[in-house]
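Read the structure below first, then the notes.
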Amino acid sequence: MASGDGIQIPSRLPLLLTHEGVLLPGSTVRFSVDSPRNMHLVSQRLLKGTSLKSTIIGVIPNTRDPEHDTDELPTLHKIGTAGIAVQVVGSNWPKPHYTLLITGLCRFRVSSLLKERPFVLAEVEQLDKLEQYTTSGTEGLKAEDGELGELSQKFYQAAVQLLGMLDMSVPVVAKFRRLLDSLPRETLPDVVASMIRTSNKEKLQVLDAVSLEERFKKALPMLTRQIEGLKLLQKTRKMSPDNEKRVLSVRKGGVFPGRQFSLDEEDGDEDGDDTAALERKVHGANMPEAAFRVCLKELKRLKKMPQSMPEYALTRNYLDLMVELPWSKSTKDCLDIRAARTLLDNDHYAMDKLKRRVLEYLAVRQLKTSLKGPILCFVGPPGVGKTSVGRSIARTLGREFHRIAVGGVCDQSDIRGHRRTYVGSMPGRIINGLKTVGVNNPVFLLDEVDKLGKSLQGDPAAALLEVLDPEQNHSFTDHYLNVAFDLSQVLFIATANTTSTIPPALLDRMEVLQVPGYTQEEKVEIAHRHLIPNQLEQHGLTPQQLHIPQDTTQHIISRYTREAGVRSLERKIGAICRAVAVKVAEGHRIPKTDHTLTTENSSEQEDIQVAPPEMPIVIDQLALKDILGPPLFEMEVSERLTLPGVALGLAWTPLGGEIMFVEASRMEGEGQLTLTGQLGDVMKESAHLAISWLRANARTYQLTNMVGGPDPSEGTDIHLHFPAGAVTKDGPSAGVTIVTCLASLFSGRLVRSDVAMTGEITLRGLVLPVGGIKDKVLAAHRAGVKRVILPKRNEKDLEELPANVRADLDFVTASNLDEVLNASFDGGFPGATSARTRPQLSSKL
Ligand code: ADP
């Protein structure tokens, strides 16, 4: 068979005895060599030889060569593969050994053994024809060649079918496709059997099949099995995408002469290797095609680099990140609206409007899973539970939650990462967040989007836009990754204190949900339902050890905190818990009689009986003073409104509503107006407007200057001051307060001490509506004000107020300044038209 045409292998071949793999003609296998005979073969034959002939050796499978020289030669398998050693790598560690890379050429049969030492040399008979592969596949066997032709045709078709199921865009698969058409058909059983997933035993069967027909018959079932397996996997693909990748993975290993590829994973020769592990991870990461290709490219570079090169670490880090990213890992949404409602209600007291809108949002998501929804943006003062609602949303959906603080970010690479060319470059916060949560559909809370900065390093808002825009974010490209990551499954929620500083383009993408501050009563409820139990738990205390009565809570809220949210309240409760924890921990040092934390001085404590404090420790006002110090806030309103020229306004700040005093004084001068207290332009304009209107109406309201003249500003300098000078104030809503304050100054009458007001004014004396009414009214309520004057057109906003606040306050809605003045002064304002018609209220303070 070996005679005549084709290339001849030498008739005497040194034999390599292997037990770990089967070399088939047409594939390349790596063998580890450490037994004495094989070692000699390498050192005395392969490494010493100079001709091509000396690199050809016979590989006899399934034979374990004994560890020691003296031992008998084991029985050899009769058939082997002649191969050409294409690479020899030697190492002395952990023991001397070589690694050979051998490409199989053809089968041979051992005719006789010539010598056994130092390595086995045998007389062999070549069994396969060794072609030069110049003929194309179509010219080999044909269907007309009888059964063999039919078999080969069947086999070819099955191979094509297998290829069709693989991902053609993977370069090696494409290469295999081309090879399939150019290889002679008779080589196919060997080539395919070495590439698909087959055991060593099966490969041995193929090797032993000397007749071509038998070889086709042996290899065909293996090929069909692989196809069936793949079909099954593709069916269950959705359920576990990782598996499919394992089968589809194509990695270096088996080789056809000159071209290396294998569809089989379990070749196991390089497994110990670090890069090989990384490579496996790359295949297992189930990333999209583009990212996969970049990874393969980087892997290739990595393999060529010495480890000491700084770039090695860079590339390694990059690949580590790529394989860690959750390209296709996600959690399953488990949304039950009824459960969500209960959960939101249990986690948060009040905030009904917000909870309703969040439930609507979730319900729509349930009905339409591919919702390219608006991004919710919770806007409200600090500590009103914006973050905490975001966390609850994640919980109701069963998703991972991650908070990304974007406040103060002024470099777009914070969001989008640094290009990898920079030293110390990193991915941006979004990609980092994804790595942290490990799934691609978390809830991301972008905290404080109103405090984005801007600098020379680019506008972070623009980068955020790309992240949030449902039209673009399915291919968000972080500069560091440099490949697109699909963010469309991420649920973004933003929080802000005010909408005014959110970049307009960003605001446009979001649905703003206002979260106003809480009333005193709501805060008491929140404290008792949530904050106190939470703090007790955090400090390892139980309700049996510490009791904070309702009126103590009320006292903390009104005297120790002045805020729209409950954060500082929570801190104060935390402080109480800490103090009590100390007492509980040192229990026996407390006198028996001391059931509250009173100001015991230490000298008395020396002769205390050893006994635990009586439980629960009840916090009364005295104990409160002991723990938190003297009250921080007084009910100061009435004390400050004792002179003409002072009025109380209501202001809105990102931190909630606030009361704001306006003070005015006058002195001899030339009609100058001085304004102090860090005012913005709008505020200054309001002051000028107010003076002009008052001058124009001086006669009606009997306003005079210092010497009783009819023009209040003639020969008079006026100074308007807005205390808390360190805080910048702007906005038109102080208009009515300035008018009232000046009217009081020019008329010498006192403004009622229990009135606060807000409203924009016009030159003609109309009162225009303003924003933030709920926050402002709550602030007035907190400060103990009894009457609130607001623009008529803001009447509708009063409906949002809690009933108890509405009941406590007397609201006066005004459409012009006449009505404002009338309601601000006891007994109305002289000259005001409605002075005689309004019912008069006397001060309750
Ligand atoms: P924000 O994000 O608005 O600044 P947080 O969400 O951090 O505020 O809330 C501060 C604290 O107040 C959290 O411990 C939160 O649980 C609590 N909290 C705020 N509002 C409520 C509420 N309505 N019910 C229960 N707890 C609340």
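Letter 551 of the sequence shown, counting from 1, is numbered 538 in the numbering used here, and no numbers are missing. Ideal placement from N, C-alpha and C gives every residue a C-beta, glycine not left out. Since the model is a prediction, treat every value here as computed from it, not as a measurement.
What did DSSP end up calling residue i once you bin it into helix, strand or coil?
i, result
"Met654", "strand"
"Asp229", "Unreliable placement is indicated for Asp229, whose pLDDT of 46 sits below 50; the coordinate value is still reported in the next sentence. If DSSP states are grouped into helix, strand and coil, Asp229 belongs with the helices."
"Glu110", "strand"
"Cys93", "strand"
"Val633", "strand"
"Met292", "coil"
"Thr68", "strand"
"Ala770", "coil"
"Val393", "coil"
"Thr703", "strand"
"Phe620", "coil"
"His534", "strand"
"Trp639", "strand"
"Glu498", "strand"
"Val366", "strand"
"Lys162", "helix"
"Ser462", "helix"
"His575", "Note that His575 scores a pLDDT of 46, beneath 50, so its modelled location is shaky and nothing firm can be said."
"Asp797", "strand"
"Lys559", "helix"
"Glu645", "strand"
"Ile479", "Checking the displayed sequence, the identity of residue 479 turns out to be Phe instead of Ile. In the structure shown, Phe479 sits in a strand (DSSP, three-state: E or B)."
"Gln596", "Confidence at Gln596 is low in this model, with a pLDDT of 47, below 50, so the placement of that residue should be treated as unreliable; the coordinate-derived value is given next. Gln596 falls in the coil class under three-state DSSP."
How close, in whole Å, do the beta carbons of residue i and residue j come, if the pair is a contact with beta carbons under 8 Å?
i, j, result
"Leu528", "Val567", "6 Å"
"His838", "Gly664", "The structure shown does not extend to residue 838, since the chain is modelled only from -12 through 832, so no value can be given for it."
"Ile324", "Leu346", "6 Å"
"Pro171", "Glu134", "About 18 Å separates the two Cβ atoms, so there is no contact after all."
"Gly722", "Gly746", "6 Å"
"Leu506", "Leu611", "As written in the sequence, residue 506 is Thr, which differs from the Leu given in the question. Not really, about 21 Å apart at Cβ, beyond 8 Å."
"Leu642", "Asn484", "7 Å"
Could you tell me the distance, in whole angstroms, from the CA atom of residue i to the CA atom of residue j?
i, j, result
"Lys40", "Tyr305", "45 Å"
"Gly420", "Val430", "10 Å"
"Cys564", "Leu533", "8 Å"
"Lys763", "Glu782", "13 Å"
"Gly91", "Ala277", "34 Å"
"Arg496", "Glu266", "40 Å"
"Asp813", "Ser740", "9 Å"
"Thr174", "Glu458", "51 Å"
"Ile380", "Glu786", "27 Å"
"Phe648", "Phe388", "43 Å"
"His335", "Asp307", "40 Å"
"Pro12", "Phe472", "43 Å"
"Ala514", "Val569", "22 Å"
"Ile835", "Thr687", "No answer is possible for residue 835: it lies beyond the span of the chain, which begins at -12 and ends at 832."
"Phe620", "Val371", "21 Å"
"Gln541", "Arg682", "46 Å"
"Asn49", "Gly8", "8 Å"
"Leu690", "Gly752", "16 Å"
"Leu354", "Tyr348", "10 Å"
"Gly425", "Lys316", "7 Å"
"Arg17", "Leu289", "21 Å"
Assign residue i to one of two classes, buried (16 or more other C-beta atoms within 10 Å of its C-beta) or exposed (fewer than that).
i, result
"Ile(-6)", "exposed"
"Ser14", "buried"
"Lys35", "exposed"
"Asp261", "exposed"
"His466", "buried"
"Gly216", "exposed"
"Leu478", "buried"
"Val147", "exposed"
"Cys835", "Nothing in the structure corresponds to residue 835, since the chain is present only between -12 and 832."
"Pro697", "exposed"
"Met744", "buried"
"Gly735", "exposed"
"Pro414", "buried"
"Leu312", "buried"
Just to confirm, does residue i get its C-beta within under 7 Å of one of the non-hydrogen atoms of the ligand ZN?
i, result
"Lys373", "As for the ligand ZN, it is missing from this structure, which binds only the ligand ADP."
Exercise. Which full runs of the alpha helix (DSSP H) of 4+ residues lie inside the stretch 126 to 207, going along the chain?
Worked result: 133 to 152, 158 to 169, 175 to 182, 187 to 195
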